[in-house]
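This report refers to the structure that appears directly beneath it.
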Amino acid sequence: MKKLRTSRRRFLKLAAGASVATTALDFAGATLAASKAADKGPPIVGDSLISLEFDPQMRLRVSGGAAALTPGASAPTSAATVSQPALTSWSIPDAVELADGTRVDSFDLTSHSRQDFDGPFGKGTRLQLIGRSESAPVEKSVTVELYHDYPGLAVYQVSFRNLGREPLAIQGWTQLDLTVPHEAVPHDTAPHEAVPHEAVPHEAGPREAAKGAEPLFWSFCGSTHSDRRDWVQPVRVGFQQENFMGMEASDYGGGTPIVDVWKRTGGLAIGHLETTPKIVSLPLTCGESELKLSMTAKTKETLKGRDELVLPQAFVATHSGDYFVVLDAYRRLMAVRGIASPKPPKAAYDAVWCAWGYERDCTLQLIVDTLPKVRELGLRWAVIDDGWQTNVGDWKVSTTRYPGGEDDMRNLVKKIRSQGLEARLWWAPLAVAPGADLLHDHTDMLLLNKEGAVQNVSWWNSFYLCPAYQPTVDYMVGLVRKFIGDWGYAGLKIDGQHLNSVAPCYNPAHKHARPEESVEKLQDFFQAVYQAALQSNPEAVVELCPCGTSYSFFNFRSFNSAPASDPESSWQVRHKGKSLKALMGPSAAFAGDHVELSTGGADFASTVGIGGIVSTKFTWPRDPKPKDSFLLTPAKEPIWRKWIALYNQKQLPLGTYRGELYDIGFDKPETHVIEKAGRFYYAFYGRNFSGPVPLRGLKGGRYHVRDYYNDRKLGEVSARNNQLQVAFNDFLVIEAVPA
Numbered sequence: 007m008k009k010l011r012t013s014r015r016r017f018l019k020l021a022a023g024a025s026v027a028t029t030a031l032d033f034a035g036a037t038l039a040a041s042k043a044a045d046k047g048p049p050i051v052g053d054s055l056i057s058l059e060f061d062p063q064m065r066l067r068v069s070g071g072a073a074a075l076t077p078g079a080s081a082p083t084s085a086a087t088v089s090q091p092a093l094t095s096w097s098i099p100d101a102v103e104l105a106d107g108t109r110v111d112s113f114d115l116t117s118h119s120r121q122d123f124d125g126p127f128g129k130g131t132r133l134q135l136i137g138r139s140e141s142a143p144v145e146k147s148v149t150v151e152l153y154h155d156y157p158g159l160a161v162y163q164v165s166f167r168n169l170g171r172e173p174l175a176i177q178g179w180t181q182l183d184l185t186v187p188h189e190a191v192p193h194d195t196a197p198h199e200a201v202p203h204e205a206v207p208h209e210a211g212p213r214e215a216a217k218g219a220e221p222l223f224w225s226f227c228g229s230t231h232s233d234r235r236d237w238v239q240p241v242r243v244g245f246q247q248e249n250f251m252g253m254e255a256s257d258y259g260g261g262t263p264i265v266d267v268w269k270r271t272g273g274l275a276i277g278h279l280e281t282t283p284k285i286v287s288l289p290l291t292c293g294e295s296e297l298k299l300s301m302t303a304k305t306k307e308t309l310k311g312r313d314e315l316v317l318p319q320a321f322v323a324t325h326s327g328d329y330f331v332v333l334d335a336y337r338r339l340m341a342v343r344g345i346a347s348p349k350p351p352k353a354a355y356d357a358v359w360c361a362w363g364y365e366r367d368c369t370l371q372l373i374v375d376t377l378p379k380v381r382e383l384g385l386r387w388a389v390i391d392d393g394w395q396t397n398v399g400d401w402k403v404s405t406t407r408y409p410g411g412e413d414d415m416r417n418l419v420k421k422i423r424s425q426g427l428e429a430r431l432w433w434a435p436l437a438v439a440p441g442a443d444l445l446h447d448h449t450d451m452l453l454l455n456k457e458g459a460v461q462n463v464s465w466w467n468s469f470y471l472c473p474a475y476q477p478t479v480d481y482m483v484g485l486v487r488k489f490i491g492d493w494g495y496a497g498l499k500i501d502g503q504h505l506n507s508v509a510p511c512y513n514p515a516h517k518h519a520r521p522e523e524s525v526e527k528l529q530d531f532f533q534a535v536y537q538a539a540l541q542s543n544p545e546a547v548v549e550l551c552p553c554g555t556s557y558s559f560f561n562f563r564s565f566n567s568a569p570a571s572d573p574e575s576s577w578q579v580r581h582k583g584k585s586l587k588a589l590m591g592p593s594a595a596f597a598g599d600h601v602e603l604s605t606g607g608a609d610f611a612s613t614v615g616i617g618g619i620v621s622t623k624f625t626w627p628r629d630p631k632p633k634d635s636f637l638l639t640p641a642k643e644p645i646w647r648k649w650i651a652l653y654n655q656k657q658l659p660l661g662t663y664r665g666e667l668y669d670i671g672f673d674k675p676e677t678h679v680i681e682k683a684g685r686f687y688y689a690f691y692g693r694n695f696s697g698p699v700p701l702r703g704l705k706g707g708r709y710h711v712r713d714y715y716n717d718r719k720l721g722e723v724s725a726r727n728n729q730l731q732v733a734f735n736d737f738l739v740i741e742a743v744p745a
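Position one of the sequence shown corresponds to residue 7 (this note's numbering), numbered consecutively onward.
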C-alpha cells in the first residue's frame, strides 16, 4: 500500500549477517539470545528453538522447528549454537479491516526496543515494535515475549491505535497471518511403512489423495465440527478448514484455540492465551506451493481519536516432532493463568461399565441383573445413562422405568455399592425439552438469539438455557446436590455436544453487559457445578463428555475425568487420548469411551496401550433390543475378561504419557509410550507391520522386553541399542523392564 522509505538493502544485509546464537536445551529452560540495549541491531528475538525477525515494513519471518531437540533426547550441557532454518516466508502478519473494506496491513517500523524482564510466566526477553501506516491514521504496536521456561514459544501481542481525530470504524482483524512454503512430496512406497490402525486413519472426503500416499503435513486443529471429524488430520493440497471457535452449528461450537501443522522436519503452531473463549477463526489452507494459517475475527469497533484496539494475546510456536509439546506448553502456561485440570481422585481411574448398551429403554431390573457380571469382570463403575429421567430439563425420575421414583433411585445406588461398585449418573444440563415444567415456569432461563428466538439442542430436541444467568446456575447446582448428596451417586457423567460452547445471549431478562457474556461465563457455570459436586462428596468423579466435539479448554478446571467423547474409530480414540494427555496432564484420567465404539467394536488395545481407562456398555444376560445388540456373548467374554484384567494389573493411566517421543503422523508404525515405576510400556499400531522399531526414552542399563498381551519374550534392549525387530498385525503392546 506504500513505497519503502528506508534503506531496505542495508537492513537486509544487516539481518543476513546477524546470527541468532542460542543454546540448545530442553523444555526445562532456555538461554535467550537478545540484547538488553534498545534499538541496537535488527528487530530479531529468539531462543534455542525459535526466532522471530521483522523487516522495515514489520513483515515477519519465523524460524525454528528442525533445530529443536529430537524428541526424547536429553539436552546437551555445552553451550552449542543452533542454526535455525526459516519455517515461514516473509509474511504480513497483522491487519485491520476498516468498515469500507480497506485492509490496513503495511506499516513503517518507527522504533523497536529489547530488554530482559520478569513477567507473568517467569524471566524472559521482550521485543517491542511500533509502526505507522501511510494509507490510514493507524499505529501498530507489537510485543513479543520469550520466556526461559517455555522455549520454542513466543507470546505475541498486537494493538492498533487511531492516530486521527475522526472516528475509525473497524469490521475485522487478522494476526499471525503466516505462510509456509512447501514442495510436493513423492509417493512413499517403502514396504516397511504401515498406515495406522485402520486402512487409512479416518481419512475421507475430497481432500485426500491416493491411499497410502504420505501427506505434505499433519495437523491438529482444536475446533469443533458437527460432522465430528478427526482432531488430527493429514494435510494435502486442497486442504481447507476455517477452525471457527464460535458456534459451527446450533449446538456444536467452541474448542481449544490452537492450530498446529508439522512436517517431518519441523512444525509451527499459533493460538491465543486469553482466559475466556473468543469468537475467532484460525483458518488453515494448503495450496499448490504454500500453506497458510492465521487468526482472524469479525468485529464492530469504532475507535475514537487515540483509542486503541487490543487483539487477543496470541502465541506462535515451533517444534520438532508432532503437536504434543505445543499443547503441553499451552497447558502449563494456562495453569499459571488459573485454568488447569484438577488432580483426579483415585476412583477416576477405575474401569467403567455403562448401562447405555440398553439405551433409553433401560429399566431398573435390566441394570440390577447385569451388576453381577460387571463385578465378576473386574469393572468398578456402574453408570446409569440417559433414560432414567422424565425429560431433559425437569430431571425427575421416570416412574415408568423406576416405579418407586426417587426411592428406587436411592435403592439402586445401594445395590450397586453392595456389589463392590460405585455409581455414576448421566446428566445433560443447560437443555430443556418442550413440555417440561421448567420451560413452562421459567422461560426467563432461555438463551435467546439476536432475533429473540430459542437456540436448539438437536439430539434431545431441546432448547438452550443461558449459563450466565444466575437462576439457571442455582437450579443446576441444586440438582447436583440432590444427585450426589441425597441419592448417593459418587460421580456424574455430564454429557452433550451442546456443552462445549453456547451462542451469545440476547435475552433482555438477563441484563447481560454484552451478549458474549454467555460464551465467556460457560466455564463459570461448570465451575459452580463442579464445586457443588465436591462439596457433596470430596472424592466425586465428574466426567465431561462433549459428544464428538473438540473439548473447550476453558472448561478443563471443572472436571476430573474425560472420555474420548463418542469416538467414530480407534484412530480417534488414540489421537484424542494423546491430545487430552497433553492438555490435561500426562497422567490424566482419560477413558477410551465404550469399547463398542472402536473399530470392530472390541479394540481394547487402542485404549489400554495409550494409557486410557477401559470402558464398556455390554448387555447381559439378555438384550431386549431387536437389533444393535451389545450382548456379551460367550465368544466375546474371554476378550473382555482378558483386557480388563490387564488394565487392572498395569494401571497405565497412573503412569506418565510420553507424548513427545513419537510423531503420531509420520512415525510408522504409530507408537505411544507410558513410563511408570521405571518401566516403559510401548504400544504399536499398524497393518501387517514387520521391521525394526526404536524404543525411545529408555534410561541407562539393559531392559528385558515382553509382549504383555501374548505373554512372550521379545528380547533385550538398551538406550544405546534400542532397536527391536517385531512383526504384528493391528497392534503390539510391550513392556520394557530394567534387567
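Just so it is clear, CB atoms sit at the ideal spot from N, CA and C, and this is done for glycine as well.
Bear in mind the structure is a predicted one, so any value in this text is a computation, not a measurement.
Quiz item: When the Cα of Y364 is compared with those of V711, W626, I680 and S97, which residue comes out closest?
Solution: Walking along the sequence shown from the start, residue 364 turns up at place 358. Of the listed residues, the one whose Cα sits closest to Y364 is W626.
Practice problem: Have a look at V265 and I98 and give me their C-alpha separation to the nearest angstrom. | Solution: Along the sequence shown, one-based indexing puts residue 265 at 259. Along the sequence shown, one-based indexing puts residue 98 at 92. Looking at the two C-alpha atoms, the distance is approximately 19 Å.
Quiz item: Would you call the region 323 to 342 and the region 631 to 649 in contact, with 3 or more CB pairs under 8 Å?
Solution: The region 323 to 342 is not in contact with the region 631 to 649.
Quiz prompt | Beta-carbon proximity list for A534, same chain, < 7 Å, skipping 5 on both sides | solution = Numbered from its first residue, the sequence shown carries residue 534 at position 528. Non-local C-beta neighbours of A534 in its own chain, meaning closer than 7 Å and more than five positions away in sequence, comprise V479 and V483, ordered along the chain.
Practice problem: Determine the contact status of F4 and G260, defining contact as a CB-CB distance below 9 Å. | Solution: Since the first residue of the chain shown is 7 and the last is 745, residue 4 is not available in this structure.
Self-check item: L586: first and last residue of the uninterrupted alpha helix (DSSP H) it sits in
Solution: The residue you call residue 586 lines up with position 580 of the sequence shown. Bounds of the alpha helix (DSSP H) holding L586 are S576 to M590.
Quiz prompt | Simplified DSSP state of A92, which is helix, strand or coil | solution = Within the sequence shown, residue 92 is the residue found at index 86, counting from 1. In the structure shown, A92 adopts extended strand secondary structure according to DSSP, grouped into three states.
Quiz prompt | Segment contact, 8 Å Cβ cut-off, at least three pairs: the region 426 to 433 with the region 389 to 403 | solution = The region 426 to 433, when compared against the region 389 to 403, does touch it at the 8 Å Cβ threshold.
Quiz item: Exposed or buried, what is G598 when buried is set at 16 or more other beta-carbons lying within 10 Å of its beta-carbon?
Solution: Taking the first residue of the sequence shown as 1, we reach residue 598 at position 592. It counts as buried.
Exercise. Could you please give me the residues that DSSP links to R685 through a beta bridge?
Key: By 1-based counting over the sequence shown, the position of residue 685 is 679. DSSP output for R685 lists K682 as bridge partner(s).
Practice problem: Return the first residue and the last residue of the beta strand (DSSP E) that W493 is part of. | Solution: On the sequence shown, position 487 is the one that residue 493 refers to. First-last for W493: undefined, no H or E at that position.
Quiz item: Quick one: what does DSSP say K352 is sitting in, helix, strand or coil?
Solution: Locating residue 352 in the sequence shown gives position 346, where the first residue counts as 1. DSSP places K352 in helix when its eight states are reduced to three.
Quiz item: If we ignore side chains and look at the alpha-carbon of each, how far apart do A175 and P126 end up?
Solution: Taking the sequence shown and counting its residues from 1, one reaches residue 175 at position 169. Taking the sequence shown and counting its residues from 1, one reaches residue 126 at position 120. Cα to Cα, A175 sits roughly 33 Å from P126.
Quiz prompt | Segment contact flag, the region 649 to 660 with the region 370 to 381, C-beta cutoff 8 Å, min 3 pairs | solution = Because the criterion of three Cβ pairs below 8 Å is not met, the region 649 to 660 and the region 370 to 381 do not touch.
Exercise. Count the CB pairs spanning the region 415 to 428 and the region 436 to 449 that are closer than 8 Å, and state whether there are at least three.
Key: The answer is no - the region 436 to 449 does not touch the region 415 to 428, with fewer than three Cβ pairs under 8 Å.
Quiz item: Do the region 307 to 315 and the region 281 to 297 touch if we need at least three Cβ pairs shorter than 8 Å?
Solution: Between the region 307 to 315 and the region 281 to 297, the count of Cβ pairs shorter than 8 Å is below three; the stretches do not touch.
Quiz item: Is the region 563 to 576 in contact with the region 591 to 611, if contact means three or more CB pairs nearer than 8 Å?
Solution: The answer is yes - the region 591 to 611 touches the region 563 to 576, with three or more Cβ pairs under 8 Å.
Quiz item: Rounded C-beta distance between Q63 and F113? I'm assuming under 8 Å.
Solution: Residue numbering aside, residue 63 sits at position 57 when the sequence shown is read from its first letter. Residue numbering aside, residue 113 sits at position 107 when the sequence shown is read from its first letter. 7 Å between Cβ atoms; contact.
Exercise. Would you mind sorting A142 into buried or exposed? The rule is 16 or more other CB atoms within 10 Å of its CB.
Key: Here the question's residue 142 lines up with position 136 in the sequence shown. It counts as buried.
Self-check item: Identified DSSP bridge partners for W359
Solution: In the sequence shown, the residue the question calls residue 359 occupies position 353. Answer is A388 and T622, bridged to W359.
Quiz item: Excluding five sequence neighbours on each side, which residues of the same chain lie with their C-beta closer than 8 Å to the C-beta of Y355?
Solution: Within the sequence shown, residue 355 is the residue found at index 349, counting from 1. A595, I619, Q657, P659 and L660.
Self-check item: E569, buried or exposed, once every other Cβ within 10 Å from all chains shown has been counted against 16
Solution: Here residue 569 is taken as the residue at index 563 of the sequence shown, counted from 1. Note that residue 569 is Pro in the sequence shown here, rather than Glu. The residue in question, P569, is buried, as its Cβ has 16 or more Cβ neighbours within 10 Å.
Exercise. Enumerate in chain order the residues of its own chain whose CB-to-CB distance from F330 is below 7 Å, with the five nearest sequence positions on each side excluded.
Key: Locating residue 330 in the sequence shown gives position 324, counting from the first residue. Within its own chain, the residues whose Cβ lies closer than 7 Å to the Cβ of F330, once the five positions on either side in sequence are excluded, are K584, A588, G665 and E666, listed in chain order.
Quiz item: Skipping 5 residues on each side, what residues in its chain have a beta carbon closer than 7 Å to that of K705?
Solution: Your numbering for residue 705 matches position 699 in the sequence shown. Correct list, in chain order: A725.
Quiz item: When the Cα of A611 is compared with those of K623, H516, Y668 and F737, which residue comes out closest?
Solution: For the purposes of this step, residue 611 is taken as the residue at position 605 of the sequence shown. The option with the nearest alpha carbon to A611 is F737.
Exercise. Measure the C-alpha to C-alpha separation of R213 and A219 and round it to an integer number of angstroms.
Key: Looking up residue 213 in the sequence shown gives position 207. Looking up residue 219 in the sequence shown gives position 213. Annotation note: pLDDT 29 at R213 (below 50); position unreliable, coordinate value reported separately. Spanning the two alpha carbons is a distance of roughly 12 Å.
Quiz item: Name the DSSP beta bridge partners of M301, please?
Solution: Within the sequence shown, numbered from 1, the residue matching residue 301 stands at position 295. DSSP lists Q181 as partners of M301.
Quiz item: Is R67 buried or exposed, if buried means 16 or more other CB atoms sit within 10 Å of its CB?
Solution: Position 61 of the sequence shown, counted from the first residue, corresponds to residue 67. Result: buried.
Self-check item: Residues near K349 by beta carbon distance below 8 Å, same chain, minus five either side
Solution: Here residue 349 corresponds to residue number 343 of the sequence shown, with the count starting at 1. Within the same chain, Cβ atoms closer than 8 Å to the Cβ of K349 are found at N566, the five residues on either side in sequence being excluded.
Quiz item: Distance, Cα to Cα, T369 vs S593?
Solution: Against the sequence shown, residue 369 aligns to sequence position 363. Against the sequence shown, residue 593 aligns to sequence position 587. Rounded to the nearest angstrom, the gap between the Cα atoms of T369 and S593 is 36 Å.
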